[in-house]
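Protein chains: 2
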Amino acid sequence: MKIIEGSVTSPIGFEAAGIHAGLKKAKKDMALLVSACDASTAAVFTTNRVKAAPVLWDQHVAASGKARAVIVNSGNANACTGEKGLIDAETTAEETAALVGTEKEKVYVASTGVIGVPLDMEKILAGARSLMPQLSKEGWKDAAAAICTTDTFSKTAAASVEIGGRTVTIGGMAKGSGMIHPNMATMLAFITTDAVISSATLQKLLGATVEDTFNMISVDGDTSTNDSCIVLANGMAGNDEIIFGDDGYEAFEEAFRYVLGTLAKLITRDGEGAGRFIEMQVVGALSDSEAKVLARSVISSSLVKAAFFGSDANWGRILCAMGYSGADFNPSLVDLSFSSAKGTIQTVRGGEPLPFSEEKAKEILLEKEITVVADCHQGSGSAVAWGCDLTYDYVRINGDYRS
Amino acid sequence: MKIIEGSVTSPIGFEAAGIHAGLKKAKKDMALLVSACDASTAAVFTTNRVKAAPVLWDQHVAASGKARAVIVNSGNANACTGEKGLIDAETTAEETAALVGTEKEKVYVASTGVIGVPLDMEKILAGARSLMPQLSKEGWKDAAAAICTTDTFSKTAAASVEIGGRTVTIGGMAKGSGMIHPNMATMLAFITTDAVISSATLQKLLGATVEDTFNMISVDGDTSTNDSCIVLANGMAGNDEIIFGDDGYEAFEEAFRYVLGTLAKLITRDGEGAGRFIEMQVVGALSDSEAKVLARSVISSSLVKAAFFGSDANWGRILCAMGYSGADFNPSLVDLSFSSAKGTIQTVRGGEPLPFSEEKAKEILLEKEITVVADCHQGSGSAVAWGCDLTYDYVRINGDYRS
Numbered sequence: 008m009k010i011i012e013g014s015v016t017s018p019i020g021f022e023a024a025g026i027h028a029g030l031k032k033a034k035k036d037m038a039l040l041v042s043a044c045d046a047s048t049a050a051v052f053t054t055n056r057v058k059a060a061p062v063l064w065d066q067h068v069a070a071s072g073k074a075r076a077v078i079v080n081s082g083n084a085n086a087c088t089g090e091k092g093l094i095d096a097e098t099t100a101e102e103t104a105a106l107v108g109t110e111k112e113k114v115y116v117a118s119t120g121v122i123g124v125p126l127d128m129e130k131i132l133a134g135a136r137s138l139m140p141q142l143s144k145e146g147w148k149d150a151a152a153a154i155c156t157t158d159t160f161s162k163t164a165a166a167s168v169e170i171g172g173r174t175v176t177i178g179g180m181a182k183g184s185g186m187i188h189p190n191m192a193t194m195l196a197f198i199t200t201d202a203v204i205s206s207a208t209l210q211k212l213l214g215a216t217v218e219d220t221f222n223m224i225s226v227d228g229d230t231s232t233n234d235s236c237i238v239l240a241n242g243m244a245g246n247d248e249i250i251f252g253d254d255g256y257e258a259f260e261e262a263f264r265y266v267l268g269t270l271a272k273l274i275t276r277d278g279e280g281a282g283r284f285i286e287m288q289v290v291g292a293l294s295d296s297e298a299k300v301l302a303r304s305v306i307s308s309s310l311v312k313a314a315f316f317g318s319d320a321n322w323g324r325i326l327c328a329m330g331y332s333g334a335d336f337n338p339s340l341v342d343l344s345f346s347s348a349k350g351t352i353q354t355v356r357g358g359e360p361l362p363f364s365e366e367k368a369k370e371i372l373l374e375k376e377i378t379v380v381a382d383c384h385q386g387s388g389s390a391v392a393w394g395c396d397l398t399y400d401y402v403r404i405n406g407d408y409r410s
Numbered sequence: 008m009k010i011i012e013g014s015v016t017s018p019i020g021f022e023a024a025g026i027h028a029g030l031k032k033a034k035k036d037m038a039l040l041v042s043a044c045d046a047s048t049a050a051v052f053t054t055n056r057v058k059a060a061p062v063l064w065d066q067h068v069a070a071s072g073k074a075r076a077v078i079v080n081s082g083n084a085n086a087c088t089g090e091k092g093l094i095d096a097e098t099t100a101e102e103t104a105a106l107v108g109t110e111k112e113k114v115y116v117a118s119t120g121v122i123g124v125p126l127d128m129e130k131i132l133a134g135a136r137s138l139m140p141q142l143s144k145e146g147w148k149d150a151a152a153a154i155c156t157t158d159t160f161s162k163t164a165a166a167s168v169e170i171g172g173r174t175v176t177i178g179g180m181a182k183g184s185g186m187i188h189p190n191m192a193t194m195l196a197f198i199t200t201d202a203v204i205s206s207a208t209l210q211k212l213l214g215a216t217v218e219d220t221f222n223m224i225s226v227d228g229d230t231s232t233n234d235s236c237i238v239l240a241n242g243m244a245g246n247d248e249i250i251f252g253d254d255g256y257e258a259f260e261e262a263f264r265y266v267l268g269t270l271a272k273l274i275t276r277d278g279e280g281a282g283r284f285i286e287m288q289v290v291g292a293l294s295d296s297e298a299k300v301l302a303r304s305v306i307s308s309s310l311v312k313a314a315f316f317g318s319d320a321n322w323g324r325i326l327c328a329m330g331y332s333g334a335d336f337n338p339s340l341v342d343l344s345f346s347s348a349k350g351t352i353q354t355v356r357g358g359e360p361l362p363f364s365e366e367k368a369k370e371i372l373l374e375k376e377i378t379v380v381a382d383c384h385q386g387s388g389s390a391v392a393w394g395c396d397l398t399y400d401y402v403r404i405n406g407d408y409r410s
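If you're matching them up, the sequences are chains U and V in order.
According to the working numbering, the first sequence is numbered sequentially starting from 8.
According to the working numbering, the second sequence is numbered sequentially starting from 8.
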């Protein structure tokens with residue numbers, strides 16, 4: 008696998024653009040992503056029972072297995088907007104399809120922003136028309152910026168692999184910030200590849216990979232109405248079709264996992280108001296799934312997150328969050344350590360506290376990137392989850408998001 | 008039912024005391040509660056897999072069905088303290104039993120405070136000895152103060168009812184503040200009554216009542232290692248035994264529910280750094296249990312809590328939190344309104360936003376006590392949950408609790 012600089016236009020046959028259409032005051036707020044030909048597609052969407060109109064539209068697109076384009080707006084989520092919202096999503100797909108030269112059923116629509124405000128369709132449709140002539144290979148930076156809301160930086164990743172002598176490339180862009188939680192949250196992610204792969208194989212790979220990447224991050228524990236992870240594979244690399252379980256699949260999976268994992272971690276690093284990036288590793292658990300439950304519980308705990316804000320080696324809160332996770336483990340076997348660029352301290356052995364230097368602990372925890380390792384000493388199950396600290400800024404940003 | 012001023016010493020035959028034993032710098036940190044005779048007892052404890060030593064001890068006391076005394080310390084949770092912690096809890100029970108003149112198996116031990124630090128047993132045992140001569144009817148105020156940690160006020164409640172011509176009294180005290188969540192959290196509650204009631208009936212009543220009171224509050228979503236709700240019924244009112252389902256039971260249940268509900272709400276009002284008290288009512292749900300899941304999801308959402316801090320009528324976040332709760336409901340039927348002493352505004356009808364005056368909304372939401380009503384229009388299920396806002400102070404208090 009080769010890591011490359013780039014994003015959704017890195018694979019052959021994809022172009023993108025991003026513009027300011029007037030939904031936000033000044034920042035870019037609409038993006039378009041188009042494949043030169045029909046692409047196999049797969050997608051996963053929010054598990055929230057309250058689903059935004061574009062998600063309901065996109066579920067049909069994903070089910071058909073074929074797609075050509077994705078149109079995205081930020082600034083307005085088109086959620087809780089009733090019948091008009093559904094018509095607006097469909098109309099957006101229709102207009103985009105006409106511009107691209109395809110059927111509306113092959114156009115994904117994604118929205119993110121404020122809930123419960125009808126879309127300004129005049130701006131959306133004018134935006135779609137403005138985007139079309141600006142499509143280019145270089146458009147990925149603008150596109151990645153245009154899908155952001157309270158994000159403080161764009162999130163992109165790309166990688167390539169050799170499959171049967173052909174170079175296959177995967178690129179992606181995402182937006183995150185607040186409301187990020189296991190089970191996907193207000194997160195939009197768009198992944199492109201020029202691989203030859205069926206939508207069924209892609210869906211299987213996507214489901215498994217999301218479980219270990221986007222579903223292992225937490226910013227604040229809320230799962231949103233709009234989150235979507237959409238993949239388009241246009242086959243233009245000309246490789247032999249990737250079949251589940253063959254060598255090509257393995258190589259492709261590695262790069263696919265790298266792109267999704269990188270985007271997931273970038274989202275956590277940019278958690279609303281976040282000052283620290285926390286990696287929670289659980290090893291020695293009874294199974295991988297028990298390890299996942301434990302790791303997610305720790306990174307989702309408000310008390311743990313507040314402790315990291317205060318650079319406090321509060322291992323008791325970590326053990327406590329493992330304890331109420333519902334996972335099967337024996338607290339009296341757990342070892343716990345904290346590490347960062349400044350070193351490592353072990354604070355718990357066999358469920359009991361070890362004496363440690365508070366000064367050293369503070370030095371380690373004042374770093375921006377902290378790793379916590381919990382060893383359950385019960386089996387070979389492991390998992391990694393990513394989170395951030397809970398800060399004054401989180402409260403400030405979310406205290407009056409609408410205004 | 009008659010609401011009375013008082014607490015755990017309001018029922019006949021109970022005395023209490025609270026002192027500074029030196030576990031905290033200056034504040035009261037140990038309490039003793041004693042019944043004049045053996046009492047029927049019932050209790051519920053944390054569901055956290057990491058249980059503090061006193062909880063493990065108390066489970067045996069509760070199982071025996073009989074108790075005489077409760078000894079409590081704050082400042083140190085005696086959690087994650089290994090074998091020494093277990094011995095310390097038992098030794099505390101033993102010393103207290105000797106002072107009171109009973110067996111150690113009839114003495115509950117409760118601890119709350121920092122995790123992972125061994126108890127200073129010299130101070131604990133000296134404290135027990137100092138408490139004994141100070142037991143009195145008036146000691147409830149000192150006792151209620153001594154069990155507090157980051158609480159900013161003591162939490163007490165009491166009520167009496169007539170059962171078959173006899174006055175039966177119920178009193179209680181609790182401590183809460185952070186780490187309060189459905190499934191009980193770092194909450195200690197001690198309930199006394201002079202009713203004649205079996206421990207089996209008491210356990211049944213306690214389980215059902217906790218479900219509607221302490222399990223319907225949320226401060227920060229963490230469930231602690233130490234939470235316990237312990238009830239002693241010494242029978243000194245001399246009423247005919249309360250039997251499940253008879254008139255006496257109904258009258259007793261009302262007062263019991265009042266005492267537990269009042270303590271639960273006081274805990275929420277005193278949530279760490281909380282500035283606002285939020286009551287979330289769900290009506291018209293498919294069942295009471297679906298309503299409970301919906302109400303709890305809303306009051307547990309960090310985004311909803313932050314919105315209340317900003318006095319923001321962000322109904323979208325409330326619908327969103329209902330949506331990811333896992334409960335069965337139809338979002339497109341939901342009505343939503345906010346109210347306070349300043350009036351009421353409806354913001355959602357049939358799942359869609361209604362126009363409302365932001366000025367009026369702000370006026371309503373600047374109040375300290377806010378009620379949100381969600382009507383699901385699907386059935387007759389209802390539930391009420393209580394929470395608080397998420398504030399800068401929460402982050403500050405929890406950012407460096409240990410120091």
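A virtual CB, placed ideally from N, CA and C, is assigned to each residue, including glycine.
Predicted model only: the values in this text are computed from it and were never measured.
Remark: three or more beta-carbon pairs, one from each stretch, lie closer than 8 Å, so the segment 143-158 of chain V and the segment 18-38 of chain V are flagged as touching. Shown in chain order are the members of the segment 347-374 of chain U whose Cβ falls below 7 Å from a Cβ of chain V: G358, E359 and P360.
Look at V:N222 here: in three-state DSSP terms it is helix. For V:Q141, there is no enclosing alpha helix (DSSP H), since its DSSP letter is neither H nor E.
The beta-carbon separation of V:G255 and V:I170, rounded to 4 Å, stays under the 8 Å limit for a contact. Along the segment 319-354 of chain V, the beta strand (DSSP E) occurs as fully enclosed runs of 3 or more residues at 342-347, listed in sequence order. The continuous stretches of beta strand (DSSP E) do not include V:G172, and DSSP gives it neither H nor E. Restricting attention to U:K9, U:A70, U:T220 and U:Q385, the CA atom closest to the CA of U:E112 is found in U:A70.
Collapsing the DSSP output to three states places V:F160 in coil. Per DSSP, V:E286 is one residue of the beta strand (DSSP E) stretching across F284 to A292. Here V:P360 is bridged, per DSSP, to V:V355. Shown here for U:F363: same chain residues with a beta carbon closer than 6 Å to its own, the five before and five after excluded, namely I352 and T354 in chain order. The beta carbons of V:C395 and V:A281 sit closer together than 8 Å.
The three-state reading of DSSP puts V:M128 in helix, counting H, G and I together. In this structure, U:V62 lies near U:T53, with their beta-carbon atoms less than 8 Å apart.
For U:A298, the nearest beta carbon of chain V is not closer than 8 Å to its own beta carbon. In this structure, V:V77 lies away from V:C236, with their beta-carbon atoms at least 8 Å apart. Interface annotation, V:Y115: not in contact with chain U, CB-CB separation never under 8 Å.
For U:T88, the chain V residues whose Cβ falls inside 9 Å of its Cβ are E359 and P360, in order along the chain. Contacts between V:T54 and chain U, judged by CB atoms closer than 8 Å, involve Y331 in chain order. Here U:G89 is actually not in contact with V:W322; their C-beta atoms are around 14 Å apart, not less than 8 Å. For V:L343 and V:G29, the gap between their C-alpha atoms comes out near 50 Å. For V:C236, DSSP records a beta bridge to V:V51 and V:A196.
DSSP, read as helix, strand or coil, puts U:G268 in helix. Chain-order list of chain V residues neighbouring U:T275: empty, with the shortest C-beta distance near 15 Å, by a criterion of under 8 Å.
Judged by DSSP secondary structure, U:G183 falls outside any alpha helix (DSSP H); it is assigned neither H nor E.
Neighbours of U:C236 in chain V, taken as residues whose beta carbon is under 8 Å from its own, are absent, since the nearest beta carbon is some 17 Å off. Contact annotation: V:I250 and V:V203 have beta-carbon atoms that are not nearer than 8 Å.
Under the three-state reduction of DSSP output, U:E257 falls in the helix class.
Counting only runs of 4+ residues, no alpha helix (DSSP H) is found wholly inside the segment 8-49 of chain V.
With contacts defined by Cβ atoms closer than 8 Å, V:S225 and V:V289 do not form a contacting pair. The Cβ-Cβ distance between U:L397 and U:F316 falls below 8 Å. Counting along the chain, U:R303 sits inside the alpha helix (DSSP H) bounded by residues D295 to S307.
For V:L267, same chain residues with a beta-carbon under 6 Å away, outside a window of 5 residues either side, are T216 and T220 in chain order.
Residues of the same chain with a CB within less than 8 Å of the CB of U:S167, apart from the 5 flanking positions on each side, are M8, K9, I11, S17, T174, V175, T176, I177 and A262 in chain order.
In this structure, V:V379 is the residue among V:D335, V:P360 and V:V379 with its C-alpha nearest to the C-alpha of V:G350.
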